[in-house]
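In short: position in the sequence shown from 1, add 61, done, that's the working numbering.
Beta carbons: idealized from backbone N, C-alpha and C, even for Gly.
Computed from a predicted structure; not experimentally measured.
Heads up, the thing below is written out as structure tokens.
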Amino acid sequence: MSNVVISGSGLFTPPDAISNDELVTSFNRYVDNFNADNAAAIEAGDVTAKAHSSSEFIEKASGIKSRFVMSKAGILDPAIMRPVFQPINDDEPSITVQMALVAAKQALAAANKQAEDIDLIIFAASGFQRAYPAMAVELQHFLGANGFAYDMSVACSSATFAIASAMDAVKSGRSKAALVVNPEICSAHLNFKDRDSHFIFGDVCTAVVIEDKATATSETCYEIIDSKLFTQYSNNIRNNLGYLSRSEGADINADSSFFMQNGRKVFKEVLPTVYNLITEQLSGLDLQASNFKRLWLHQANINMNNYLAKKLMGRDPSATEAPIILDTYANTASAGSIIAFHLHQDGVESGDLALICSFGAGYSVGSLVLKRC
């Protein structure tokens, strides 16, 4: 049986950034306009007045200070409150494929691989801009890769699930070298008019190359020692917009057409599930998290990360041991743990153990135990 490694990674960061102060200024202008336009109904008790937000509230609740987005102007316009994209000709790379091409080429360069060496692409993200043809096949075409390609979505755990699938493909001999990309335009399914969630997400794309250890020639690689995946149905994180929405007569601007969550329930239900999955996984490998050099965790909320890392390690971890990137990138769904992996490898030496773990909507949890080559 082959030993499989992550031999390279890449990161595309959008050019536009939005600070909490910028986001709050726009949101509060929207609130003032809404309350003024509905003053009579609010006074009559027929409409609930909206409340201002603040940068302090956002940072305390989430740890987020800023985020990167693919289109800034529309989000900050109180009359629009959403990203605005220009249509792209069908013969040109789609916007998420453009993002993926940048991250993919970085990952290939890090892995000392050419596009033609890739015979499997998994385009794994929390959402796709169209139903078909598959985004992965479009990326395969414009990248110049071989073999086959497909899309996969398990929400925030899409990256870890895809890496596990790519690992299985390499182990079975179906693939010699696989590319996993995670293009996330989370700003497009975020309700910027909702005080409780308008600050949560950012846009980004990550990529990793998966191959047999015997063929890896990169300076840095990580052997995938084990993968463990879990799902359990829950409505506590949901988005109802889909291809049947038009047939159902749904309002695509209704709250239900955007990201929705019951944050308190998610915190109470997901974290024990994640902790139990990881401890069961490590127990089966006769390992302890306290011996791990790095925990690259899902980047949704700093309070969740701090709680989970401390519980796993039995102490307060250092910022190096459990790095945080959500302060500058916000929640980037499936890409968050891979951003942390890509940016925070310094100090991890040959033989050191590390963990990539994602969790989120579904519920879904994916955990990868790694060893630095």
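| Item | Value |
| --- | --- |
| Rounded straight-line distance, which links the Cα of L358 to that of D151 | 37 Å |
| Contact the region 239–252 vs the region 124–135: 3+ CB pairs below 8 Å | yes |
| Simplified DSSP assignment, three categories, for V335 | helix |
| Residue span of the beta strand (DSSP E) that contains Y283, given as start and end | 283–292 |
| Alpha-carbon spacing of F184 relative to V108, whole angstroms | 43 Å |
| Start-to-end residues for the alpha helix (DSSP H) that takes in N364 | 363–374 |
| Residue closest to S351, alpha-carbon to alpha-carbon, out of L332, L240, S219, A415 | A415 |
| Alpha carbon of I298 to alpha carbon of G421, nearest angstrom | 8 Å |
| Alpha-carbon to alpha-carbon, S123 and N364 | 7 Å |
| Segments assigned beta strand (DSSP E), at least 3 residues, entirely inside the region 165–227 | 181–185, 209–213 |
| S419: first and last residue of the uninterrupted beta strand (DSSP E) it sits in | 414–421 |
| Stretch-stretch touch, CB-based, cutoff 8 Å, three pairs: the region 203–213 with the region 162–181 | yes |
| Straight-line Cα distance separating E309 from K174 | 47 Å |
| Cβ distance (whole Å) where N243 is taken to contact F319 below 8 Å | Rounded, the Cβ-Cβ distance is 21 Å, inconsistent with contact. |
| N-terminal and C-terminal residue of the alpha helix (DSSP H) that G397 is part of | 397–404 |
| Limits of the unbroken beta strand (DSSP E) element including L305 | Neither: L305 is in no beta strand (DSSP E) and is coded neither H nor E. |
| Spatial distance of V430 from D93 (CA atoms) | 49 Å |
| Nonlocal neighbours in the same chain, by C-beta distance under 6 Å from G69, ignoring five residues either side | A168, A171, A172, V270, S279 |
| Spatially closest choice to A176 from L162, K254, S116, A216, by CA coordinates | L162 |
| C-alpha distance - N392 paired with N337, whole-angstrom precision | 23 Å |
| Where K326 falls: helix, strand or coil (DSSP) | helix |
| C-alpha gap between S87 and L137, whole angstroms | 5 Å |
| Straight-line gap, A225 to S288 (C-alpha atoms, nearest Å) | 6 Å |
| Proximal residues to K237 (C-beta, below 8 Å), its chain only, five neighbours per side dropped | D178, D180, V231, E272, D273, T276 |
| Candidates S63, S116, G412, of which the one nearest A227 by Cα | S63 |
| Close beta carbons around Q349, own chain, < 8 Å, minus the five adjacent residues each side | L343 |
| Helix, strand or coil at I119 [DSSP, three-state] | helix |
| Where D388 sits in the DSSP three-state scheme | helix |
| Exposure label - R355; buried when at least 16 CB within 10 Å | buried |
| Cα-Cα separation, T281 to E199 | 29 Å |
| Outcome for Y193 when other beta-carbon atoms lying within 10 angstroms are tallied against a minimum of 16 | exposed |
| Three-way DSSP call (helix, strand, coil) for M131 in this model | coil |
| Span of the alpha helix (DSSP H), counted from its first residue to its last, around T86 | 81–98 |
| Beta-carbon separation (whole angstroms), S114 vs N89, contact threshold 8 Å | 6 Å |
| Rounded separation between G423 and Q322 - CA only | 11 Å |
| A186 burial status per 10 Å Cβ neighbour count (16 or more: buried) | buried |
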